[in-house]
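Below is one structure, written out as structure tokens; the observations come after it.
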Amino acid sequence: MCGDIRQLDSEIKILRCQAAKVESAIAEGGASRFSASSGGGGSRGAPRHYPKTAGNKGDMIVCAAHAHNLPKYGVKVGLTNYAAAYCTALLLARRLLSRFGMNKIYEGQVEVTGDEYNGESIDGQPGAFTCYLGAGFSRTTTGNKVFGALKVVVDGGLSTPHSTKRFPGYDSESKEFNAEVPRKHIMGQNVADYLRYLMEEDEEVYKKQFYQYIKKNVTPDMMEEMYKKAHIAIRENPVHEKKPLERS
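Written out as structure tokens, the structure reads:
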């Protein structure tokens with residue numbers, strides 16, 4: 001998976017899997033016969049197919065999601081923040097699993113709690129789809145949005161090696177992780193708190209910086225519900241709808 005989090009309008013991509021080979025495995029013997037994994041794992045006792053990580057033309061893109069898809073799910077503002085990164089990666093995870101008929105098997109962490117969650121393969125089922133984070137040029141500092149994307153692909157039902165050390169809420173001194181902090185970020189409450197602060201302390205900056213929020217009537221008190229509804233809508237219908245080609 002590779003996410004250009006700098007703008008979040010760029011693709012968040014799952015890499016290291018050759019789609020043609022996975023689809024061939026499905027066609028030959030059904031989803032239960034393979035593990036859509038680039039690094040191992042798979043259902044116990046079942047034959048495992050390891051798709052190539054790259055072809056002679058480079059890495060194979062299996063699935064992609066974009067922040068500009070989010071207005072369809074009710075998120076029309078703040079498309080570059082942490083909460084948007086979470087929504088975009090949730091869309092990616094559910095879209096990928098739906099493509100391979102695994103969305104009903106691996107639902108992930110449906111309720112957003114911020115707690116650590118690790119997806120594991122289920123006996124007698126295809127192995128959990130394994131992917132790895134490619135941070136690219138993003139700074140891998142604690143709390144970076146790229147780790148919001150990492151958090152949700154796991155919550156979304158994929159298997160991704162990780163720890164909580166780069167999530168907001170991790171204290172490097174005490175070595176403790178406070179799950180409430182990432183939950184606030186996922187639900188946009190860090191932005192909501194800043195909105196409330198500016199509304200009271202600097203209305204001019206608020207009107208300038210959050211013009212789109214004002215224009216679209218998005219208030220701080222509405223934000224958590226907005227993201228909750230988006231998460232539900234994404235899980236209900238993550239499939240990419242192709243636009244018909246316009247012929248001149």
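At position 152 of the sequence shown (counting the first as 1) the number is 152 in the UniProt record's numbering, and the numbers step up by one without a gap. All residues carry an ideal CB built from backbone N, CA and C; glycine is no exception. If you're wondering where the values come from, they're calculated on a predicted model, not measured in any experiment.
Kindly list the residues whose CB is nearer than 8 Å to the CB of residue i, restricted to its own chain and excluding five residues on each side of it in sequence; keep chain order.
i, result
"L96", "I14, V62, C63, F129 and L158"
"G119", "Y106, G108, A128, V154, G157, L158, S159 and T160"
"A192", "P220, D221, M223 and E224"
"R196", "P220"
"Y117", "G108, Q109, V154 and D155"
For residue i, which three-state DSSP category applies?
i, result
"I233", "Reading off the sequence shown, one finds Ala at residue 233, where the question assumed Ile. Reduced to three states, the DSSP call for A233 is helix."
"F167", "coil"
"F129", "coil"
"A179", "coil"
"D202", "coil"
"D59", "strand"
"S98", "helix"
"A64", "strand"
Evaluate residue i with the Cβ neighbour count: other Cβ atoms within 10 Å of its Cβ, from every protein chain shown; 16 or more gives buried, anything less gives exposed.
i, result
"N81", "buried"
"N103", "buried"
"I234", "buried"
"K208", "exposed"
"T164", "buried"
"R99", "buried"
"P71", "exposed"
"Y86", "buried"
"V239", "exposed"
"N182", "Before going on, a small fix: residue 182 reads as Pro here, not Asn. Counting Cβ neighbours within 10 Å, P182 comes out buried, since at least 16 surround it."
"R94", "buried"
"K175", "exposed"
"P168", "buried"
"S121", "buried"
"K184", "buried"
"K145", "buried"
"N69", "buried"
Quick one: what's got a C-beta closer than 7 Å to residue i's C-beta in the same chain, skipping five residues either side?
i, result
"D115", "A179"
"V77", "Q212, Y213, K216 and V218"
"G74", "M226, K229, A230 and A233"
"L150", "L133, T160 and H162"
"T113", "A179 and R183"
"F147", "R166 and F167"
Looking only at its chain, what residues have a beta carbon closer than 6 Å to the beta carbon of residue i, apart from the 5 residues adjacent to it on each side?
i, result
"M199", "Y206"
"G58", "none"
"residue 263", "Here the chain has residues from 1 to 248 only, and residue 263 is not among them."
Three CB pairs or more closer than 8 Å across the segment 156-170 and the segment 105-113: Segments in contact, yes.
Meets three-Cβ-pair contact criterion under 8 Å: the segment 204-224 and the segment 183-193: Taking 8 Å as the limit for Cβ pairs, the verdict is that the segment 183-193 does touch the segment 204-224.
Beta strand (DSSP E) segments (min. 3 residues) lying fully within the segment 105-129: none
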